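Beneath this line is the structure, given in structure tokens, with notes to follow.
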Amino acid sequence: MQLRRHVLTLWSVGAATAALLVAGCTAQPATGGTSPNAAVSRTSAFNATDTAWILLMIPMAERALRLTDLAPSRSADPAVATLAARTGSTLRTDLRRLRAALKESGVPDTHPHEGHTMPGMVGLDTLDKATATKGRPFDRILTDALRAHVTQSRLLCAGEQTQGRAVEATGLAAAIAKRTSQQIAELDEL
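Here you go:
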């Protein structure tokens, strides 16, 4: 029975992720001052999955970064603070690459997920609790939220790698997914 519930949960998470990636989470490309042919050629490599993935990963990384940035003044465990610093640095790099891919896609960042709470996204309530907490309770909030973030990122990256088309997005998804295994192992050691 436990295994059946776990399989159903994984299936529903996978189905929800696929729906999110394919559904109307994309915006139309902005052509700005370019000719229509230039806009088509620039955006032709990106499909709906690519842009939906990028537009979701940006706010997920931004929220996780806000949490990791709290660690220096709130963490009780030097290992947790070190993990948060390393994760924050990685998130900053990922955000630069995600924003560059979004710019290359020609799709404007309309912030379609602003204010949302989704699986793996650090919730605003979690950020509020973390801001008001120090010591071991903060460390627990941070590690639990990072584990959820990394787990969901891996799932989303797998969807992007199988359904995405643009090398800029699928390559970044592969790099992020590869890193998630190491991040989970580091969280397990804490």
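First residue of the sequence shown: 664, per the numbering used here; consecutive thereafter.
Backbone N, C-alpha and C fix where the C-beta goes; we use that ideal spot for every residue, glycine too.
Since the model is a prediction, treat every value here as computed from it, not as a measurement.
- Query: Hey, quick one: how far does the alpha helix (DSSP H) through LYS766 stretch, first residue to last?
  - Reply: 741 to 768
- Task: Using beta-carbon positions only, say whether LEU850 and THR794 come within less than 8 Å of one another.
- Result: no
- Backbone CA spacing between VAL743 and LEU730 [nearest angstrom]: 12 Å
- Message: Does GLY778 pass the burial test, meaning 16 or more other C-beta atoms within 10 Å, or should it be called exposed?
- Response: exposed
- Message: Taking its Cβ as the centre, do 16 or more other Cβ atoms sit within 10 Å of ASP791, making it buried, or is it exposed?
- Response: exposed
- For SER844, is the classification buried or exposed, using 16 other Cβ atoms within 10 angstroms of its Cβ as the cut-off for buried? exposed
- Would a C-beta distance cut-off of 8 Å place ILE721 and ALA832 closer than the cut-off? no
- Item | Nearest-angstrom beta carbon gap, THR796 and ILE804 [assumed within contact, 8 Å] | 6 Å
- Message: Let's test the definition: count the other Cβ atoms within 10 Å of the Cβ of LEU787 and tell me whether it reaches 16, buried, or not, exposed.
- Response: exposed
- Query: What did DSSP end up calling LEU819 once you bin it into helix, strand or coil?
  - Reply: helix
- Query: Quick one: is ARG667 buried, meaning 16 or more other Cβ sit within 10 Å of its Cβ, or exposed?
  - Reply: Summary for ARG667: the model assigns pLDDT 36, below 50, so the residue's position carries little reliability; its value from the coordinates is reported in the next sentence. Exposed, since its Cβ has fewer than 16 Cβ neighbours within 10 Å.
- Task: Measure the C-alpha to C-alpha separation of GLY783 and ALA840 and round it to an integer number of angstroms.
- Result: 14 Å
- Message: For a test of the three-state rule: what should DSSP assign to PHE709, helix, strand or coil?
- Response: coil
- Whose CA, out of LEU719, PHE801, ALA836, lies closest to the CA of PRO735? PHE801
- Query: Do LEU809 and THR750 have their CB atoms nearer than 8 Å?
  - Reply: yes
- Message: What would DSSP say about VAL785, mapped onto helix, strand or coil?
- Response: coil
- Task: Would you mind stating whether SER768 and THR714 have Cβ atoms separated by less than 8 Å?
- Result: yes
- Considering only residues of the same chain and omitting the five flanking positions on each side of ALA821, which have a CB-CB separation below 7 Å? ALA840
- Item | Under 8 Å between C-beta atoms of ALA896 and LEU754 | For the chain, the structure presents residues 664 to 853; residue 896 sits outside this window and is missing.
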